[in-house]
Structures are given as structure tokens and as C-alpha cells.
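Chains as they are written, first to last, in this note's numbering: chain V, 1146 to 1343; chain Z, 20 to 210.
Where is the CB? At the ideal position from N, CA and C, for every residue including glycine.
Data block below; observations after.
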């Protein structure tokens, strides 16, 4: 099995946001700025890595009919652990993301990888898959957040490049802006892939 | 690809045992994490609260224990004393008028009941819009004002505070929290 391929597929070819369209709730909800996107992406990656590892380890112990509740308990536990740890050790990041962390539980990207990948493959590949998919998710959220921040606030990573008192195009910070920018990004990625295969 | 290994069969006993085992492991892990992280989280929270109080009242050397005022159950008041005399009061105030839920504001008053300073503690307002509440150009409008003369509500509602563009609701919530803090101060916290 080609490990490198399993890792890189998450970035463009099977990018969870641009191609698989998984985990839309945090994708649209938290990407008002590049920093929020990055933080949410990394927190999700941490949970995904842990859940993929554990689920790949115990996959043969889980009777098929109760696999979904089993996965959900594993995922929810890791989310709570990340939540508690962030609050204690990275309070500033927690202040920004605190609300969205519990949402990771219902991020279908994580359950999706558990169901489609980790419950069928070995531990090693599952970790690679988790890392690739997680970083692909992070990349997508940061790009989306960055674009929205540039258009909506006239800033990038909180560094403002238009006059302090000026406003950006407010629409892009608000929920409709998330849909619009995401639409254009998906179109761009599709065009890119078409070119590659043609 | 290698043939899939045999999974545990879905019998009644297997399902109950496995789910119980997973839930038990999860409970242990969470209990452990919680007890390990709690002291740190408490410390962070206490430090943040202390910093906020310090930022909103005049210089003090002694802080009273938090106390409550009847009718304002969610609020906490702190007297700041210097040389035994009350020089200011910090009110941890909350408004439920926010765009998405509660807006917590630490409002500090000097001994005359003027707003000394304010500090936004916690909120869930829209990033980039409602979050501008924390900018001095907005929140410092109430600084040094006495809510008995200065109408702490947005211009649109007939008040004296200029709302943030595109975030009138957040601006209202902020004013509401300041007004509630003042009401509590007058009712029970005044010197």
C-alpha cells in the first residue's frame, strides 16, 4: 500500500471540504478568520488522529451491529479530552474556539473516516489517513477563513492592512459569505482537477 | 487486499459487554483528565477574573469577597478598597440580549457611581462584527459617565451610545449589561 498516497489524498484529491463535502457545520461556522479556521482544523486533526488510531486498534472487538454507538463514544471522549486540555493549557485559543470544540463530536468527517477507513484498515494506515485528512481539513478551513478575513475585515491573521477605522465587506464575515467563498473555492478545485486529468 | 479478519459476532452478550467496556474506559479516561486539568482551568479562570477586576476599578489594595444583590442573582459584585475605604466597585454583569446568547461584562464604578472602565468577559457574538464591542472606540463611550445622567442605550433607542455598524444587537446587549450593573450597584452595592 502506498503510504504517501494515503497521506496526500486528503489535501486535494479527496479533500474533506472541497471534494467530499464532509463536516460542513464547523467549516461554515468558524471560518470568519484565518486563525479560527486554523485552530478548529488542528483541534479536529487531533481528535481524528486519536479516534482513527483507537478505532483501528479495537475494530475486531466491536460487534458490527453496535459499531456506530461504539465509534461515537470513542470520538466524544476524545473531543471532551481535547476540550478540557485546551481550557487548562491554552486558554487563549480556548476563548476563540471554546464554543466550537463540542461541535467536533458531530463532525461527520471524523465519524466518516472511522466508518469508511479505520474500521477496515490497519492501525498504521489509519493514522496516516487521519493525519492527511486532518491536515487537508485544516488547510481548507484556513484558506476559507483567510479569504473571508481578507474580504470581510481587510486583514489576515489579525494583521489589518486597511485603515484601522475602515470596514471590509461585512457580508463575507457573515454566514452567507461562507457559502459564497466556499462555492468559489470548490469551483476552483474542480477546475484544477479537471485540468490534471484531461 | 488482505481478507478482513473475523469480527466479534453481534450476539446479545457481545454487544452488551463491548459497549459497557467502551463506556467504562471512556468514563475512566474522562474522569482522570477532568481531575488533572481542573486545577489549571480554575487557576486560569481566577487569574482572568482578577485581571478584569483590576482593569475596571481605580487602584486598590484590598478586594472584598464577591457578594450578591437581591433581584440580580446572576451578578457578582466586588468592593475595591484602599486604606480600608471603598474606592470602587466591580460588577460582573450579564445581558441575555446578545445576538447569540449571554454577554458577560465586567463593569467598574468609582466611589461616585461613575463608570470607571469596562471589560468584555465572555460572549458569542459574530466574529468581526459583534466582537468589536471590545474595541475602545465603542466601549469607552461609557467611560467616566454616570448612568443616572448618561443614557446607556444606543442612539436608535433614544440613548447616548453610538452603536457599532452592523452590530446594533451586540451594542444593545453591552449597554444592557452596563445598565444592569448600575442598577445592581444602586440597589445594594453602593458604598
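Q) Cβ of residue 1234 (chain V) within 7 Å of any heavy atom in the ligand MN? A) No copy of the ligand MN occurs in the structure displayed, which carries no ligand at all.
**Q.** C-alpha distance - residue 1309 (chain V) paired with residue 182 (chain Z), whole-angstrom precision
**A.** 17 Å
(Q) Classify residue 1274 (chain V): buried if its beta carbon has 16 or more other beta carbons within 10 angstroms, exposed otherwise. (A) buried
Q. Which partner residues of residue 125 (chain Z) appear in the DSSP bridge assignment?
A. Z:111, Z:138
Q.
Can you pull out the residues from the region 42–62 of chain Z whose beta carbon lies closer than 7 Å to at least one beta carbon of chain V?
A. 42, 45, 48, 49, 52, 53, 56, 59, 60
Q. Is residue 1335 (chain V) buried or exposed, if buried means 16 or more other CB atoms sit within 10 Å of its CB?
A. exposed
(Q) Below 8 Å on C-beta distance, what does residue 29 (chain Z) contact in chain V? (A) 1208, 1209, 1210, 1211
Q) Mind checking if residue 1274 (chain V) is an interface residue toward chain Z, Cβ cutoff 8 Å exclusive? A) no
Q.
Taking the alpha carbon of residue 122 (chain Z) as the reference point, which residue from Z:110, Z:156, Z:193 has its own alpha carbon closest?
A. Z:193
Q. So, are the CB atoms of residue 1272 (chain V) and residue 1202 (chain V) less than 8 Å apart?
A. no
(Q) Taking 8 Å as the threshold (C-beta atoms), are residue 74 (chain Z) and residue 136 (chain Z) in contact? (A) yes
Q | Amino acids of chain Z, ordered along the chain, whose beta-carbon sits closer than 7 Å to that of residue 1222 (chain V) | A | 45, 48, 49
(Q) Considering Cα atoms alone, identify which of Z:114, Z:66, Z:174, Z:92 is closest to residue 206 (chain Z). (A) Z:92
Q: In the DSSP assignment, find the unbroken alpha helix (DSSP H) run with residue 67 (chain Z) in it and report its ends.
A: 31–75
(Q) Please list, in chain order, the chain Z residues whose beta carbon lies closer than 7 Å to that of residue 1148 (chain V). (A) Going along chain Z, no residue has its Cβ under 7 Å from residue 1148 (chain V), so there is no contact; the nearest lies around 15 Å.
Q: Taking the CB atoms as reference points, tell me whether residue 118 (chain Z) and residue 204 (chain Z) lie closer together than 8 Å.
A: no
Q | Rounded straight-line distance, which links the Cα of residue 1196 (chain V) to that of residue 1268 (chain V) | A | 11 Å
Q | 7 Å Cβ cut-off: residues of chain Z touching residue 1314 (chain V) | A | Within 7 Å Cβ-Cβ: nothing; residue 1314 (chain V) doesn't reach chain Z, min ~11 Å.
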